[in-house]
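Going by this note's numbering, 177 is the number at position 75 of the sequence shown; the sequence numbering is gapless. Heads up: the structure comes next, in structure tokens.
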Amino acid sequence: MWSSLTLGGLRAYAQGEVFRAPTRPFEGVIYYKVRARGPAAETLKENGSPTEMHLYIQGNRFLINETGGSFPISRLYDPDSDWMYVLDPPHKRAFKYEKYRKKARNYPATYTGDSLQILGIWCYAFVVKKPDEEITYYVSPMYRVDVSLFAGKKRAQAFFLNEGLYGAIPLKMIRKQKDLTIEVTAYSVKAMRLDPRSLKIPKNYEILGYDYRR
Numbered sequence: 103m104w105s106s107l108t109l110g111g112l113r114a115y116a117q118g119e120v121f122r123a124p125t126r127p128f129e130g131v132i133y134y135k136v137r138a139r140g141p142a143a144e145t146l147k148e149n150g151s152p153t154e155m156h157l158y159i160q161g162n163r164f165l166i167n168e169t170g171g172s173f174p175i176s177r178l179y180d181p182d183s184d185w186m187y188v189l190d191p192p193h194k195r196a197f198k199y200e201k202y203r204k205k206a207r208n209y210p211a212t213y214t215g216d217s218l219q220i221l222g223i224w225c226y227a228f229v230v231k232k233p234d235e236e237i238t239y240y241v242s243p244m245y246r247v248d249v250s251l252f253a254g255k256k257r258a259q260a261f262f263l264n265e266g267l268y269g270a271i272p273l274k275m276i277r278k279q280k281d282l283t284i285e286v287t288a289y290s291v292k293a294m295r296l297d298p299r300s301l302k303i304p305k306n307y308e309i310l311g312y313d314y315r316r
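Take a look at the structure:
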């Protein structure tokens, strides 16, 4: 779907020009619906895959909650220690390593020229091509982080900090793999001041290594 934006405006985004205007980095929470399609989708559903994702952001600190499935999971990205932790609140512990999770690698995002309206906001489409999957991000300059805050971080990196996205937070993501397509679409965006303590590991938590629960 095409917006009424001019071609010149679209090209300006591709060159990063629209981000020269001062915009306060987003702080708050974005709620997403998760939907899987394709031959492999049924297997995911049988295993109780999540149906929602909640993204909390404050500066370079963020928390991802995956809910609605048989195994809810929370991942806290802590810039102080430069680690991504898997939280286990019922047992007051946090794990530094997650089963099946590969080390993140930054692939460049390429502007496609397409746009889509999400929550009444026109978003620009960027594609990231990896050896085993293709991801399309729909982003708006209205919602972004300060990328300079992530400089030097190797592990506590947001999943959307691909080169070419300019720190924009996706309002929609489409991940295509063989026999599987996963769509993650925002249904609510709430800008708010977050309690810094809610984005830190409580002092009474035990820090463990490998998450063996799955």
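Each residue gets a CB set at the ideal place from its N, CA and C atoms; glycine is no exception. Predicted, not measured: the structure shown is a model, and the values here were computed from it.
Beta-carbon separation of residue i and residue j under 8 Å?
i, j, result
"T283", "G171", "no"
"I271", "I132", "yes"
"I166", "G130", "no"
"Y226", "Y213", "yes"
"K274", "Y245", "no"
"P243", "T125", "yes"
"V229", "V136", "no"
"I303", "L178", "yes"
"G222", "V249", "no"
"A211", "L146", "no"
In the DSSP output, which residue or residues are listed as bridge partners for residue i?
i, result
"G130", "I159 and A293"
"L310", "F197"
"R139", "T283"
"Y187", "L178"
"E154", "K135 and T169"
"F164", "I159 and Y179"
"A288", "Y134"
Taking the C-alpha atoms as reference points, what is the distance between residue i and residue j?
i, j, result
"S300", "T238", "30 Å"
"T108", "L218", "Reliability fails at T108, whose pLDDT of 49 lies under 50, so the model's placement of it is uncertain and no value is given."
"A138", "E168", "14 Å"
"M103", "A288", "Reliability fails at M103, whose pLDDT of 43 lies under 50, so the model's placement of it is uncertain and no value is given."
"E265", "G215", "17 Å"
"G311", "F173", "19 Å"
"Y199", "M186", "8 Å"
"A196", "V247", "25 Å"
"T261", "N306", "With the sequence shown as reference, residue 261 is identified as Phe, and Thr is not the correct amino acid for it. Answer to the nearest angstrom: the Cα atoms are 28 Å apart."
"L263", "M155", "18 Å"
"D281", "N149", "16 Å"
"L189", "N162", "18 Å"
"S105", "A142", "With a pLDDT of 46 at S105, under the threshold of 50, the predicted position of this residue should be treated as unreliable, and no value is reported."
"I220", "I276", "14 Å"
"K231", "Q259", "19 Å"
"P191", "R315", "13 Å"
"Y134", "V291", "9 Å"
"F128", "F164", "11 Å"
"E317", "I175", "Examination of residue 317 is not possible in this model, given that the chain is present from 103 through 316 alone."
"H193", "D313", "13 Å"
Mind checking which residues open and close the beta strand (DSSP E) that includes residue i?
i, result
"T238", "E236 to R246"
"L273", "A270 to Q279"
"A227", "I223 to K231"
"Y179", "I175 to D180"
"T214", "T212 to I220"
field: the stretch 248-256 in contact with the stretch 293-306 per 3-pair CB rule at 8 Å
entry: no
message: I'd like to know if the stretch 234-250 and the stretch 177-192 are in contact, where contact means that at least 3 CB-CB pairs between them fall below 8 Å.
response: no
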